[in-house]
Amino acid sequence: MISGYEIKKINYWFAGILLLSLIAALIVNLLMVPSVARDAQKQASTYTQLNEKCAKIYELDPARIANAAKAAAGKEFHYSNSVSEVAARWKIPTDQYNINVRSIRQSKDTRTQNARVAIDEVSVSTFAKFLSQILYEWPNLECQTIKLISEREQKDTWKATIDFIYTLN
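In my numbering, the protein residues as written are 358 to 526.
Structural data, given as C-alpha coordinates:
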(Lines of atoms letter the chains of each structure in order from A and count residues from 1; the text may use other names and numbers.)
(Lines give C-alpha, C1' and ligand atoms only; values in the text may rest on other atoms or scores of the structure.)
Protein backbone atom coordinates (compact mmCIF):
# COMPACT_ATOMS: atom_id res chain seq x y z
CA MET A 1 0.00 0.00 0.00
CA ILE A 2 1.21 3.53 -0.76
CA SER A 3 1.69 5.82 2.17
CA GLY A 4 0.63 9.47 2.26
CA TYR A 5 4.26 10.56 2.10
CA GLU A 6 4.86 8.61 -1.12
CA ILE A 7 1.71 10.08 -2.69
CA LYS A 8 2.95 13.59 -1.87
CA LYS A 9 6.35 12.68 -3.34
CA ILE A 10 4.71 11.46 -6.58
CA ASN A 11 2.55 14.61 -6.72
CA TYR A 12 5.68 16.77 -6.40
CA TRP A 13 7.27 14.85 -9.28
CA PHE A 14 4.19 15.38 -11.45
CA ALA A 15 4.06 19.05 -10.49
CA GLY A 16 7.79 19.39 -11.25
CA ILE A 17 7.42 17.73 -14.65
CA LEU A 18 4.41 19.93 -15.41
CA LEU A 19 6.35 23.04 -14.34
CA LEU A 20 9.37 22.06 -16.50
CA SER A 21 7.06 21.46 -19.47
CA LEU A 22 5.49 24.88 -18.93
CA ILE A 23 8.92 26.54 -18.76
CA ALA A 24 10.03 24.73 -21.94
CA ALA A 25 6.87 25.88 -23.75
CA LEU A 26 7.46 29.47 -22.60
CA ILE A 27 11.08 29.38 -23.80
CA VAL A 28 10.01 28.09 -27.20
CA ASN A 29 7.25 30.69 -27.55
CA LEU A 30 9.21 33.65 -26.20
CA LEU A 31 12.67 33.01 -27.67
CA MET A 32 12.64 30.53 -30.52
CA VAL A 33 9.45 31.35 -32.42
CA PRO A 34 10.32 35.05 -32.88
CA SER A 35 13.83 34.06 -33.99
CA VAL A 36 12.46 31.68 -36.61
CA ALA A 37 9.98 34.33 -37.74
CA ARG A 38 12.81 36.88 -38.14
CA ASP A 39 14.87 34.37 -40.13
CA ALA A 40 11.91 33.59 -42.38
CA GLN A 41 11.28 37.29 -42.94
CA LYS A 42 14.97 37.86 -43.70
CA GLN A 43 14.99 35.01 -46.23
CA ALA A 44 11.83 36.35 -47.86
CA SER A 45 13.41 39.80 -48.25
CA THR A 46 16.60 38.23 -49.66
CA TYR A 47 14.51 36.28 -52.17
CA THR A 48 12.69 39.47 -53.18
CA GLN A 49 15.99 41.33 -53.65
CA LEU A 50 17.47 38.50 -55.73
CA ASN A 51 14.34 38.31 -57.84
CA GLU A 52 14.55 42.07 -58.49
CA LYS A 53 18.24 41.77 -59.46
CA CYS A 54 17.50 38.91 -61.86
CA ALA A 55 14.72 40.95 -63.45
CA LYS A 56 17.11 43.90 -63.76
CA ILE A 57 19.75 41.72 -65.45
CA TYR A 58 17.17 40.40 -67.88
CA GLU A 59 15.94 43.95 -68.52
CA LEU A 60 19.44 45.32 -69.14
CA ASP A 61 20.85 42.43 -71.16
CA PRO A 62 18.15 40.18 -72.65
CA ALA A 63 20.36 39.59 -75.68
CA ARG A 64 22.84 37.59 -73.57
CA ILE A 65 20.09 35.21 -72.50
CA ALA A 66 18.89 34.91 -76.10
CA ASN A 67 22.52 34.46 -77.16
CA ALA A 68 22.90 31.53 -74.75
CA ALA A 69 19.98 29.77 -76.37
CA LYS A 70 21.31 30.57 -79.85
CA ALA A 71 24.78 29.30 -78.97
CA ALA A 72 23.33 26.09 -77.58
CA ALA A 73 21.21 25.52 -80.66
CA GLY A 74 23.60 26.95 -83.24
CA LYS A 75 27.18 26.39 -84.20
CA GLU A 76 29.60 24.30 -82.20
CA PHE A 77 32.27 26.05 -80.15
CA HIS A 78 35.93 25.78 -81.18
CA TYR A 79 38.55 27.93 -79.52
CA SER A 80 40.52 28.57 -82.69
CA ASN A 81 37.48 29.63 -84.74
CA SER A 82 35.94 31.75 -82.00
CA VAL A 83 39.15 33.55 -81.04
CA SER A 84 40.04 34.14 -84.71
CA GLU A 85 36.61 35.60 -85.51
CA VAL A 86 36.60 37.98 -82.55
CA ALA A 87 40.27 38.93 -83.00
CA ALA A 88 39.63 39.78 -86.66
CA ARG A 89 36.63 41.88 -85.65
CA TRP A 90 38.84 43.98 -83.35
CA LYS A 91 41.74 44.06 -85.85
CA ILE A 92 44.15 41.91 -83.86
CA PRO A 93 46.46 40.34 -86.48
CA THR A 94 46.79 36.56 -86.51
CA ASP A 95 50.55 36.77 -85.99
CA GLN A 96 49.96 38.73 -82.75
CA TYR A 97 48.17 35.96 -80.83
CA ASN A 98 48.68 32.31 -79.99
CA ILE A 99 46.05 29.78 -78.86
CA ASN A 100 46.99 26.75 -76.76
CA VAL A 101 43.98 24.41 -76.44
CA ARG A 102 43.96 21.56 -73.95
CA SER A 103 41.99 18.33 -74.26
CA ILE A 104 38.40 17.95 -73.06
CA ARG A 105 38.03 16.85 -69.44
CA GLN A 106 35.07 14.88 -68.08
CA SER A 107 34.08 15.34 -64.43
CA LYS A 108 30.83 13.89 -63.14
CA ASP A 109 28.19 15.14 -65.59
CA THR A 110 30.07 18.10 -67.12
CA ARG A 111 32.72 18.30 -69.79
CA THR A 112 35.13 21.23 -69.89
CA GLN A 113 37.93 22.38 -72.13
CA ASN A 114 40.65 24.83 -71.16
CA ALA A 115 42.70 27.10 -73.39
CA ARG A 116 45.28 29.82 -73.04
CA VAL A 117 45.27 32.77 -75.43
CA ALA A 118 48.39 34.93 -75.53
CA ILE A 119 48.24 38.25 -77.37
CA ASP A 120 51.65 39.83 -77.99
CA GLU A 121 50.80 43.49 -78.58
CA VAL A 122 47.41 44.96 -77.77
CA SER A 123 46.01 48.18 -76.33
CA VAL A 124 43.91 48.01 -73.19
CA SER A 125 40.76 49.18 -74.96
CA THR A 126 41.14 46.64 -77.80
CA PHE A 127 41.83 43.89 -75.27
CA ALA A 128 38.75 44.84 -73.23
CA LYS A 129 36.58 44.85 -76.36
CA PHE A 130 37.99 41.49 -77.47
CA LEU A 131 37.41 39.88 -74.07
CA SER A 132 33.94 41.37 -73.68
CA GLN A 133 32.89 40.26 -77.16
CA ILE A 134 34.08 36.67 -76.89
CA LEU A 135 32.47 36.22 -73.46
CA TYR A 136 29.27 37.79 -74.77
CA GLU A 137 29.07 35.51 -77.80
CA TRP A 138 29.81 32.33 -75.85
CA PRO A 139 27.93 32.33 -72.50
CA ASN A 140 29.47 28.97 -71.48
CA LEU A 141 32.95 30.44 -71.84
CA GLU A 142 34.54 31.73 -68.64
CA CYS A 143 37.71 33.68 -68.11
CA GLN A 144 39.71 32.13 -65.29
CA THR A 145 42.75 34.40 -65.22
CA ILE A 146 44.01 37.48 -67.02
CA LYS A 147 47.62 38.60 -67.02
CA LEU A 148 48.60 41.95 -68.55
CA ILE A 149 52.24 42.93 -68.86
CA SER A 150 53.14 46.43 -69.99
CA GLU A 151 55.54 46.82 -72.90
CA ARG A 152 57.76 49.58 -71.50
CA GLU A 153 59.04 50.82 -74.85
CA GLN A 154 55.59 51.71 -76.18
CA LYS A 155 52.73 53.54 -74.52
CA ASP A 156 49.46 51.55 -74.13
CA THR A 157 50.95 48.36 -75.54
CA TRP A 158 50.44 45.25 -73.50
CA LYS A 159 51.14 41.55 -73.64
CA ALA A 160 47.97 39.75 -72.54
CA THR A 161 47.54 36.16 -71.42
CA ILE A 162 44.04 34.82 -70.80
CA ASP A 163 43.07 31.41 -69.43
CA PHE A 164 39.63 30.31 -70.57
CA ILE A 165 37.43 27.38 -69.64
CA TYR A 166 34.49 26.33 -71.80
CA THR A 167 31.73 24.12 -70.41
CA LEU A 168 30.35 21.73 -73.00
CA ASN A 169 26.74 20.66 -72.49
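Backbone N, C-alpha and C define an ideal beta-carbon position, used for all residues, glycine too.
Have a look at the DSSP bridge pairing and note the partners of residue i.
i    : result
S360 : Paired residue(s): none; S360 is not in a bridge.
I519 : V474 and I503
T403 : Paired residues: none, contrary to the question.
L379 : Answer is none; L379 lacks a bridge partner.
T524 : T469
Just reading off the alpha helix (DSSP H) that residue i is part of, what are its end residues?
i    : result
V458 : V458 -> not in any alpha helix (DSSP H); beta strand (DSSP E) instead, spanning Y454 to S464.
S507 : No alpha helix (DSSP H) contains S507, which is instead part of the beta strand (DSSP E) from L498 to S507.
N471 : Per DSSP, N471 belongs to no alpha helix (DSSP H); it is in the beta strand (DSSP E), T467 to V479.
N438 : Y436 to R446
I'd like the list of long-range same chain contacts for residue i, defined as Cβ closer than 7 Å, with 5 residues on each side in sequence excluded.
i    : result
I456 : Y436, S437, V440, A472 and V474
D513 : S480 and V481
A372 : none
Since I believe residue j is in contact with residue i (beta carbons under 8 Å), could you give me their beta-carbon distance rounded to a whole number of angstroms?
i    : j    : result
Y523 : Q470 : 5 Å
I491 : L498 : 7 Å
F487 : I449 : 6 Å
D477 : T502 : Their Cβ separation, rounded to whole angstroms, is 18 Å, which puts D477 and T502 out of contact at 8 Å.
E510 : K516 : Their Cβ separation, rounded to whole angstroms, is 12 Å, which puts E510 and K516 out of contact at 8 Å.
R459 : L525 : With a Cβ gap of about 13 Å, R459 and L525 do not count as contacting.
Among the residues of its own chain, which have a CB less than 6 Å from the CB of residue i, if the five just before and after it don't count?
i    : result
W447 : T483, K486 and F487
Y369 : none
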